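A.B. asks:
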Amino acid sequence: MKKYLTGENLFIFVVVILFLGVLFRAELKTFILEDSDIANISLRNQASATDGIPVRLLIPAIGIDVEIESLGLTEDRAMDSPKDRFNVAWYNLGARPGDMGSAVIAGHTNWKNGMTAVFDNLSQLKIGDKVSVENNNGIPTSFMVERIKVYDSEDIVPEVFNLADGKYLNLITCSGTWNREKNTPTKRLVVFSRMIP
Amino acid sequence: MPGGVQTNYGVGAPYPQAGIDQGSALVSLAANPCTYTFPAGAIDLATDTTHGPIGVYTPGVYCINGAATIGTAGITLTGNGTFIFRMTGALNTVDNSSVTLSAASACNVWWTPIGATTLGANSVFEGNVIDAAGITMGSGANWNGRALAFGGTVTTGLNAIITAPNVCAPATTADMYVIKQVINNDGGTKVAADFTMNVTATNPLLASFAGVESPGTFITLDAGPYTIDESDMSGYTKTLTASCSGTIAAGETRTCIITNDDDAPIASGSSSGGSSSGTIRPRISVKKVPSPTSLADGAGTVLYTYTVTNPGLLDLDNVSVTDDKCSAMNFVSGDDDNNLELDTKETWIYSCSTFLRQTTTNIVTATGYGHERLATDTDTATVVVAMTPRPTVAGVSTTTFTPSFPNTGIGPDSESNIANIVVRTFGILTFLSLLYIAIRKYRQA
Chain A
685 MKKYLTGENL FIFVVVILFL GVLFRAELKT FILEDSDIAN ISLRNQASAT DGIPVRLLIP
745 AIGIDVEIES LGLTEDRAMD SPKDRFNVAW YNLGARPGDM GSAVIAGHTN WKNGMTAVFD
805 NLSQLKIGDK VSVENNNGIP TSFMVERIKV YDSEDIVPEV FNLADGKYLN LITCSGTWNR
865 EKNTPTKRLV VFSRMIP
Chain B
765 MPGGVQTNYG VGAPYPQAGI DQGSALVSLA ANPCTYTFPA GAIDLATDTT HGPIGVYTPG
825 VYCINGAATI GTAGITLTGN GTFIFRMTGA LNTVDNSSVT LSAASACNVW WTPIGATTLG
885 ANSVFEGNVI DAAGITMGSG ANWNGRALAF GGTVTTGLNA IITAPNVCAP ATTADMYVIK
945 QVINNDGGTK VAADFTMNVT ATNPLLASFA GVESPGTFIT LDAGPYTIDE SDMSGYTKTL
1005 TASCSGTIAA GETRTCIITN DDDAPIASGS SSGGSSSGTI RPRISVKKVP SPTSLADGAG
1065 TVLYTYTVTN PGLLDLDNVS VTDDKCSAMN FVSGDDDNNL ELDTKETWIY SCSTFLRQTT
1125 TNIVTATGYG HERLATDTDT ATVVVAMTPR PTVAGVSTTT FTPSFPNTGI GPDSESNIAN
1185 IVVRTFGILT FLSLLYIAIR KYRQA
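Residue numbers (the working numbering), protein chains in the order written: chain A, 685 to 881; chain B, 765 to 1209.
Structure representation (structure tokens):
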């Protein structure tokens, strides 16, 4: 055994490991969040959530703790999508999380190349899972997942953006198959959540 | 719009009137013809050389069919006049960039992007932005002007500063575009420059000048009464739009269009009812009225009513009425004798209904034929749609517009380029080689 533990062999081993790490560029960025974090957040006051804009999204069930950017519409009147695959975008022409109405947040999902993206595991959310949004004043608002639905990418869906009978947070990402012609997946996955009183 | 007391609009939010006012301002700005249109696509105003000297802009209306960026080198707006930068995409300034004024006032600089406005960190910016898609200032950005984002949000980064201009002195002058049109459909050969435009007003920038086709000749004149006309030209029939005379207010912009249509030669055997010149020109007129004329609560349905008459001497057949932004055109009434001809004493009524989500100007065109000669007329109408302000306190969101889904997929093409394939293949081969060396060393040992 001792004869294998030569400096030369150890050097080769280290080089191989380093090379593999660089080669496959393991997406080591994780979204680690302890359940205790959201428990602490839930204890705080949610009453003044509408005074600020959302800046942080937390979904412990799938390990998400990311920044939120504020975006509006593209030139073809679609909700704009996040500029980075590791953060999410809030639709700033709609409701704010905690307002009456539908607040909408979108995030990327990966497609074929082994790259990871923030909402890769969004479809794994279950009814009852908690979602929390923190605004720029540090005030959190918590929501509970109510349902998950898939739409065609070209659907215009008021129930995602315009419901006004409650305080909703709807999360959007892509699903379906890749449409090369339109350079977008064929489906959209929407997670509907309602504010926890 | 923030809550609380607002100087111009009183107590409480939202402020529908503020949305209407900003919508009206946008319409007014949009009505100014482009004085320079950039090549289609995204433009970096700091490096562009198609408009003139690099980084330098004189008063005018700059139209960008795409997004606009102000790069690190920045730009200088020079000259005492109005600057309008109109773009169909977003407006972005890069970090540490600057907009500099030289003999210009931030009061008179206007930016009207369709996409969002984002000012880079520590950038310096001048002028007024009207942008429903939202405005974001990076940290340390310094802005002299106004951020008007009805329906959107204004977001400021750490230590970002917006300073409203101290004094925006009321304008004492008005702007006028004089457009010359020449129609040569009966053998005429004159061009716009053959006609001389004459301006009667107080302190006109130009009192007499050769005609220019659209976008025309831009002049300033003092507020008050004015008349614009041209020296007569034989062989042409002249028509002037209503804006070619009247009283203009300070800061107002009008467009006077003078059209000359060449007269037809005398037609033998068709002189029945003819004029003294022997020419009978078919005429048609259309007037368009929207109802309502504005939508204070945001998107809604508008009914347009079109009144088509025949002010000429010839009955018109094959009458057609089309609207460029309303397709379901209905004939309502007016063909009293049911002969399918618009007689000189008849008034035909058409209607069309459409749903508007944003402030819209559309054009109706009426055509008809008299003795197989075309008569045509147009009319425009603008309906201001107030963007619904989003509640800033807990309340019911009244937003009705539904956007399309975002594109949140990452395509396969983004990672399958040749470089990546080569790098990975090289890596795998290197790995196998190292593995082989390691095994050989092991066996030798």
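We put the beta carbon where it would ideally sit given N, CA and C, even for glycine.
As the structure is a computational prediction, the values presented were derived from the model and not from experiment.
Going along the chain, which residues of its own chain have a beta-carbon closer than 8 Å to the beta-carbon of ALA1092/B, five neighbours each way excluded?
C.D. replies: Stepping through the second sequence from its first residue, residue 1092/B is reached at position 328. For ALA1092/B, where only same-chain residues beyond five positions count, the Cβ hits under 8 Å are CYS1116, SER1117, THR1118.
A.B. asks: Is it the case that the Cβ atoms of SER765/A and THR919/B are separated by a distance below 7 Å?
C.D. replies: In the first sequence, residue 765/A corresponds to position 81, counting from 1. In the second sequence, residue 919/B corresponds to position 155, counting from 1. No, they are not a contact pair.
A.B. asks: Can you pull the chain B neighbours of SER837/A, defined as C-beta to C-beta under 7 Å?
C.D. replies: Reading the first sequence from its first residue, position 153 is the one you call residue 837/A. PHE1169, listed in chain order.
A.B. asks: Taking 6 Å as the cut-off, is the C-beta of GLU977/B nearer than that to any heavy atom in the ligand NAD?
C.D. replies: Among the components modelled here there is no ligand, and therefore nothing to report on the ligand NAD.
A.B. asks: Select from ASP808/B, ASP950/B, ILE818/B the residue whose C-alpha is nearest the C-alpha of ASN829/B.
C.D. replies: Within the second sequence, the letter at position 65 stands for residue 829/B. The residue with the shortest Cα to Cα distance from ASN829/B is ASP808/B.
A.B. asks: So, with DSSP's three-state summary, where would you put PHE959/B?
C.D. replies: Taking the first residue of the second sequence as 1, we reach residue 959/B at position 195. If DSSP states are grouped into helix, strand and coil, PHE959/B belongs with coil.
A.B. asks: Can you pull the chain A neighbours of THR900/B, defined as C-beta to C-beta under 8 Å?
C.D. replies: The residue labelled residue 900/B in the question sits at position 136 within the second sequence. The answer, in chain order, is SER754.
A.B. asks: Taking all protein chains shown into account, decide if PRO1075/B is buried (16 or more other Cβ within 10 angstroms of its Cβ) or exposed.
C.D. replies: For this step, residue 1075/B is matched to residue 311 along the second sequence. Answer is exposed; the Cβ neighbour count stays below 16.
A.B. asks: Please list, in chain order, the chain B residues whose beta carbon lies closer than 7 Å to that of SER816/A.
C.D. replies: What you label residue 816/A is simply residue 132 of the first sequence in a count that begins at 1. Simply none; closest approach about 18 Å.
A.B. asks: Just to confirm, are GLY785/A and VAL802/A a CB contact at a threshold of 7 Å?
C.D. replies: Stepping through the first sequence from its first residue, residue 785/A is reached at position 101. Stepping through the first sequence from its first residue, residue 802/A is reached at position 118. For GLY785/A and VAL802/A, no; Cβs fall outside 7 Å.
A.B. asks: As a quick exercise: from MET901/B, ALA880/B, ASN872/B, pick the residue whose alpha carbon is nearest that of GLY891/B.
C.D. replies: Taking the first residue of the second sequence as 1, we reach residue 891/B at position 127. Checking every option, the nearest Cα to that of GLY891/B belongs to ASN872/B.
A.B. asks: Is DSSP giving PRO842/A helix, strand or coil here?
C.D. replies: As a position in the first sequence, residue 842/A is number 158, starting the count at 1. PRO842/A falls in the helix class under three-state DSSP.
A.B. asks: Quick one: residues in its chain with C-beta nearer than 8 Å to the C-beta of LEU922/B, no 5 flanking neighbours on either side, listed in chain order?
C.D. replies: The sequence position of residue 922/B within the second sequence is 158, counting from 1. Closer than 8 Å at the Cβ level, and outside the excluded window around LEU922/B, lie SER903, GLY904.
A.B. asks: Any Cβ of chain B within less than 7 Å of the Cβ of ALA893/A?
C.D. replies: Outside the modelled stretch of chain A, which goes from 685 to 881, sits residue 893/A, for which no answer is possible.
A.B. asks: So, under 8 Å CB-CB, ASN819/A and PRO744/A are touching, yes? Tell me the CB distance rounded to an integer number of Å.
C.D. replies: The residue given as residue 819/A occupies position 135 in the first sequence. The residue given as residue 744/A occupies position 60 in the first sequence. About 19 Å; that fails the 8 Å criterion.
A.B. asks: Give the residues of chain B in contact with ARG769/A, contact being defined as C-beta atoms less than 7 Å apart.
C.D. replies: Here residue 769/A refers to the residue found at position 85 when the first sequence is read from its first residue. By Cβ distance, chain B contributes ILE1174.
A.B. asks: Please return the same chain residues whose Cβ sits closer than 7 Å to the Cβ of CYS715/B, not counting the five positions on each side in sequence.
C.D. replies: Residue coverage of chain B in this structure runs from 765 to 1209, which leaves residue 715/B outside it and unanswerable.
A.B. asks: At what residues does the beta strand (DSSP E) containing LEU1004/B begin and finish?
C.D. replies: Within the second sequence, the letter at position 240 stands for residue 1004/B. Where LEU1004/B is concerned, the enclosing beta strand (DSSP E) stretches over 1000 to 1004.
A.B. asks: In this structure, how does DSSP classify GLN945/B when only helix, strand and coil are distinguished?
C.D. replies: On the second sequence, residue 945/B is found 181 positions in, with the first residue counted as 1. DSSP places GLN945/B in strand when its eight states are reduced to three.
A.B. asks: When DSSP builds the beta bridges, which residues end up paired with MET828/A?
C.D. replies: Indexing the first sequence from 1 puts residue 828/A at position 144. The partner list for MET828/A (beta bridge, DSSP) reads LYS814/A, ARG878/A.
A.B. asks: Going by C-alpha to C-alpha distance, which of GLY822/A, ILE701/A, SER877/A, ILE840/A sits closest to ASP813/A?
C.D. replies: Your numbering for residue 813/A matches position 129 in the first sequence. Among GLY822/A, ILE701/A, SER877/A, ILE840/A, the Cα nearest to that of ASP813/A belongs to SER877/A.
A.B. asks: Taking the DSSP output, what are the residues bridged to ILE926/B?
C.D. replies: In the second sequence, residue 926/B corresponds to position 162, counting from 1. Partner(s): TRP907/B.
A.B. asks: With distances taken between CB atoms, is the gap from VAL788/A to ASN854/A smaller than 7 Å?
C.D. replies: Along the first sequence, read from residue 1 onward, the residue named residue 788/A stands at position 104. Along the first sequence, read from residue 1 onward, the residue named residue 854/A stands at position 170. Result yes, Cβ atoms of VAL788/A and ASN854/A sit closer than 7 Å.
A.B. asks: Give me the Cα-Cα distance between ALA911/B and PRO1170/B, rounded to the nearest whole angstrom.
C.D. replies: Mapped onto the second sequence, residue 911/B falls at position 147. Mapped onto the second sequence, residue 1170/B falls at position 406. Whole-angstrom Cα-Cα distance: 26 Å.
A.B. asks: Starting from the C-beta of ASP721/A, find all residues in its chain whose C-beta is less than 6 Å away, skip the five residues before and the five after it, and write them out in chain order.
C.D. replies: Here the question's residue 721/A lines up with position 37 in the first sequence. Low confidence applies here, because ASP721/A scores a pLDDT of 34, under 50, leaving its location unreliable and the question unanswered by this model.
A.B. asks: Smallest Cα separation from PRO929/B: which of GLY909/B, ILE1192/B, GLY819/B?
C.D. replies: Residue 929/B sits at position 165 when you count from the first residue of the second sequence. The residue with the shortest Cα to Cα distance from PRO929/B is GLY909/B.
A.B. asks: Would you mind sorting LYS944/B into buried or exposed? The rule is 16 or more other CB atoms within 10 Å of its CB.
C.D. replies: Counting from one through the second sequence, the residue named residue 944/B turns up at place 180. LYS944/B should be labelled buried.
A.B. asks: Taking contact to mean at least 3 C-beta pairs separated by less than 8 Å, is the stretch 826 to 842 of chain B in contact with the stretch 793 to 813 of chain B?
C.D. replies: These segments touch.
A.B. asks: Could you give the C-beta distance for VAL893/B and ASN906/B, rounded to a whole number, given that I count them as a contact under 8 Å?
C.D. replies: Counted from its first residue, the second sequence places residue 893/B at position 129. Counted from its first residue, the second sequence places residue 906/B at position 142. About 14 Å; that fails the 8 Å criterion.
A.B. asks: Given that GLY791/A touches chain B, what residues does it touch there, using C-beta distances under 8 Å?
C.D. replies: Position 107 of the first sequence holds residue 791/A. Chain B residues near GLY791/A: THR1172.
A.B. asks: Measuring alpha carbon to alpha carbon, tell me which of LEU790/B, ILE1127/B, PRO1046/B, GLN1208/B ends up nearest ARG1137/B.
C.D. replies: For the purposes of this step, residue 1137/B is identified with residue 373 of the second sequence, where counting begins at 1. Out of LEU790/B, ILE1127/B, PRO1046/B, GLN1208/B, PRO1046/B has the C-alpha closest to the C-alpha of ARG1137/B.
A.B. asks: For GLY843/B and SER866/B, what's the separation of their Cα atoms in angstroms?
C.D. replies: As a first step, residue 843/B is located in the second sequence; it is residue number 79 there, counting from the start. As a first step, residue 866/B is located in the second sequence; it is residue number 102 there, counting from the start. In a straight line, the C-alpha of GLY843/B is about 6 Å away from that of SER866/B.
A.B. asks: State yes or no: is the beta carbon of LEU757/A nearer than 7 Å to at least one beta carbon in chain B?
C.D. replies: Here residue 757/A corresponds to residue number 73 of the first sequence, with the count starting at 1. With 7 Å as the cut-off, LEU757/A counts as an interface residue toward chain B.
A.B. asks: Can you list, in chain order, the residues of the stretch 860 to 878 of chain A whose Cβ is nearer than 7 Å to any Cβ on chain B?
C.D. replies: The stretch 860 to 878 of chain A vs chain B, Cβ under 7 Å: TRP862, ASN867, THR868, PRO869, ARG872.
A.B. asks: I want to verify the contact list: residues of chain A whose CB lies under 8 Å from the CB of PRO915/B, in sequence order.
C.D. replies: For the purposes of this step, residue 915/B is taken as residue 151 along the second sequence, with counting starting at 1. As written in the sequence, residue 915/B is Gly, which differs from the Pro given in the question. Going along chain A in sequence order, the residues near GLY915/B (Cβ under 8 Å) are LEU777.
A.B. asks: Between the stretch 878 to 896 of chain B and chain A, which residues of the former have a C-beta closer than 7 Å to a C-beta of the latter?
C.D. replies: Correct list: ILE878, GLY879, ALA880.
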